[in-house]
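In order, the protein sequence lines correspond to chains A and B.
By UniProt numbering, the letter at position 267 of the first sequence is numbered 267, and the numbering carries on one by one without gaps.
By UniProt numbering, the letter at position 313 of the second sequence is numbered 313, and the numbering carries on one by one without gaps.
From the three backbone atoms N, C-alpha and C, an ideal C-beta is built for every residue, glycine too.
Right, one structure below, let's go through it.
2 protein chains.
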Amino acid sequence: MTEDERTPGRPHVTLQDVARRAGVSLATASRVLNGTTQVRADLRERVLAASGELAYTPNAHAQALAGSSSMAIGVICHDVSDPYFASIARGVMRTAAEHGLMVMLASTFRDPAREIEYIAMLRAQRARAILLIGSGFEDRDWERSMGAELEHYQRAGGRVAVVSRHRTLKADAVLPQNREGAAELARTLVGLGHRDFAVLTGPRLLTTVADRLGGFADALAEAGIELPEDRVIEAGFTRDGGYAAAERLLNGGDLPTCVFAVTDVMAIGALAAFRDHGVDVPGQVSLAGFDDIPIVRDLTPPLTTVALPLDLMGERVMELAVREPASRRSRVERIKGEVVLRSSTAAPRQRR
Amino acid sequence: MTEDERTPGRPHVTLQDVARRAGVSLATASRVLNGTTQVRADLRERVLAASGELAYTPNAHAQALAGSSSMAIGVICHDVSDPYFASIARGVMRTAAEHGLMVMLASTFRDPAREIEYIAMLRAQRARAILLIGSGFEDRDWERSMGAELEHYQRAGGRVAVVSRHRTLKADAVLPQNREGAAELARTLVGLGHRDFAVLTGPRLLTTVADRLGGFADALAEAGIELPEDRVIEAGFTRDGGYAAAERLLNGGDLPTCVFAVTDVMAIGALAAFRDHGVDVPGQVSLAGFDDIPIVRDLTPPLTTVALPLDLMGERVMELAVREPASRRSRVERIKGEVVLRSSTAAPRQRR
DNA sequence: CTGAAAGCGCTTACAG
DNA sequence: CTGAAAGCGCTTACAG
């Protein structure tokens, strides 16, 4: 493409330029290039040739404005650098690519103001769908404002899909079975001989935390094992939170025989704290996480966890957002977690 | 907002609706909302009120089309789930948010066709800038096609900025000092007493691999230490590649006293392979990586590496893309790596 | 300071 | 099948 082949003064080649060079009307050029209607073969050829010669790239904004269709999907997460999100994102990106969609990504760092702001931006972009990846809040205010913002978006034709439970959001959802997975893990650990547990958690307002903690505690209760409140240690929902929680546990006097961190990321921090304080895992204390992010296989010891097919969950949530719903009801896809025993857990030392 | 407050049949509230409700012209409403010109206070008030009452959201496509300005930045990486990218992305996202920009993300999995395709899509979106995160190729063909595509974009006013060296791309760049960092690491390891090395690398066509390997080998040579070709083991540029490379090393007969994996991600794989084969690190072999991704602190043993300020690099590359250049010359920001000694390296056992 | 109007680059009924 | 024209929702010279 050289300067004089396009309309002078314009930085981009337009459909008009292509049509002119091909000797057809704007309409015909448009029809050839997005193949809706039949066009006579020779005209078709000429348009294609002209488009190629001029290296024509359609203006997505003009297309969106004229056709009111956008190829953009908004994806909102808490932190791009969290490996849990990163694994899900892999599936999201792959599936987006397969559908020729662009992903607009936003990190909110759990700042509600930022979440609202991003939804407004995505509304402005006329994103075709918005994906919320990660735990919701058990919080009336947060829910109300998010809900209002999203409904607004949905009324204008936008689609919303989420990974993880959001109490009242009316949206398609991929739901990891957090309660069931945590319960199954508890039963497995009890089966190993453990009777004395602690749980390291993030803020209990997060639905994911509430579900995993609840499922774990309930299963223990069914086995006749109590989880005293002072054995539930709440900290940041991060690696450093796990580290801090484990340190608080260590300072709290006698250790339990088994610790459950509600996410692998927190478990990584806990493992580091145990190592730094000379506590052997699983010799002195067993440790388990949840999620099965890829790295936990490479820890020493490799981490027992509840495996979630994260990549697949990303794929599914994107597909929910893209596929037209058969009915008006929200679709729900439940994802089962599978307990994976690795060397970070063992039978307790002085059993009996 | 209720149905009858906006133009019937339209899903979105438009500026026209706002203007009508405020009793002003389209132009005035526009001026109030993007604050270019002065507008009389009372009109201003009325427009703001109307906009709020109708929950008006501007149509970004119409804005982009009319003003030919887009708030979107394209970010192209190889794999969103790679922790190296994830850390850089954190800085990118934060900086984007500070500037009110949206990030359109693309994963290419190093597929050249996909890279080209994404650049075309970003061109269609009239993205304000494109960020290439990750190593370039020492490959004429790849370079030619990428170069052509990007120049095309740049001629139309697009900005391009990269992290890592791309031989001939005319773009602003954040350049980690791979050669120097690897050389410094080599000197440090030699200082520890090592004389017998192996290097685990990704494809040597990647500029990052070439630079780190080259810097390491040169520094060894300066110390009078040879790095035989069969001590350079090439594999995939991933965790599994590192694992495979380490296994090949183990099968190759006598172990070196020290192994350098050109990225932390490969080092993680190597560490797992050593563990699986009962090779003690650093007892039998020392291991070092490069990048200092967050997780390597939590490995056992924690990994010696060359630390790069990844988050900061993300911030910088975004700022290069956003700030107007003073001259037409490409700007280059060099980033120094710092050797961080952790427990994965030690003096060799049977020294002397 | 304010408004009428042109124009951004497309798509898509509507006639032919 | 093809083309002239209206319209998508804004911004911004250009007059007043």
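Query: Residue nearest to B:V174 in terms of C-alpha spacing, selected from B:E338, B:S330, B:M71 and B:Q16; Result: B:S330
Query: Spatial distance of A:F260 from B:D230 (CA atoms); Result: 45 Å
Query: Strand pairing of B:T188, partner residues [DSSP]; Result: B:T188 pairs with nothing; no bridge assigned.
Query: DSSP three-state assignment for B:L341, whether helix, strand or coil; Result: coil
Query: Extent of the continuous beta strand (DSSP E) to which B:M102 belongs; Result: M102 to S107
Query: C-beta contact flag for A:T300 and B:T300 at 7 Å; Result: yes
Query: Complete runs of the beta strand (DSSP E) confined to the segment 265-338 of chain A [at least 3 residues]; Result: 286-288, 305-307 and 332-335
Query: One or two residues paired with A:F260 in a DSSP bridge; Result: A:V199 and A:A288
Query: Beta-carbon proximity of B:V75 to A:M93, cut-off 7 Å; Result: no
Query: Three-way DSSP call (helix, strand, coil) for A:P83 in this model; Result: helix
Query: Check whether A:A60 and B:A124 have beta carbons under 7 Å apart; Result: yes
Query: Neighbour-count burial assignment, A:Q63, 16 or more Cβ in a 10 Å radius; Result: buried
Query: Partners in chain B for A:A86, counting only beta-carbon separations shorter than 7 Å; Result: V80, S81 and A86
Query: Separation of B:S87 from A:G91, as counted between CA atoms; Result: 19 Å
Query: A:V18: first and last residue of the uninterrupted alpha helix (DSSP H) it sits in; Result: L15 to A22
Query: For A:G74: DSSP bridge partner residues; Result: A:M104 and A:I130
Query: Members of the segment 120-141 of chain B that neighbour chain A once the beta carbon cut-off is set at 7 Å; Result: A120, M121, R123, A124, Q125 and R126
Query: Simplified DSSP assignment, three categories, for A:V92; Result: helix
Query: Length of the line joining the Cα atoms of A:A106 and A:L132; Result: 10 Å
Query: Proximity test, Cβ basis, 7 Å: A:V332 and chain B; Result: no
Query: Under 7 Å between C-beta atoms of A:T201 and A:V190; Result: no
Query: Rounded C-alpha distance that separates A:G136 from B:V279; Result: 44 Å
Query: Sub-7 Å separation of A:D196 and A:T257 beta-carbons; Result: yes
Query: Neighbour flag for B:T7 against chain A, beta carbons, 7 Å; Result: Bear in mind that a pLDDT of 49 at B:T7, under 50, signals an unreliable position, so the number given afterwards is only what the model happens to contain. It does not: the Cβ of B:T7 has no partner Cβ on chain A nearer than 7 Å.
Query: 7 Å Cβ cut-off: residues of chain B touching A:P11; Result: A156 and G157
Query: Proximal residues to A:I335 (C-beta, below 7 Å), its chain only, five neighbours per side dropped; Result: V174, L175, P176, Q177, L308, P309 and M313
Query: Against chain A: residues of the segment 265-283 of chain B by CB proximity under 8 Å; Result: I268, G269, L271, A272 and R275
Query: Residues that B:A62 contacts on chain A, provided the C-beta gap is smaller than 7 Å; Result: L65
Query: A:E115 and A:L205 closer than 7 Å at C-beta; Result: no
Query: Chain-order list of residues whose beta-carbon lies under 6 Å from that of B:M71 (same chain, five-residue window excluded); Result: L101 and M102
Query: The segment 240-248 of chain A / the segment 266-278 of chain A touching (three or more Cβ pairs under 8 Å); Result: yes
Query: Given 8 Å, three or more beta-carbon pairs between the segment 289-300 of chain B and the segment 314-330 of chain B; Result: no
Query: Where B:F237 falls: helix, strand or coil (DSSP); Result: coil
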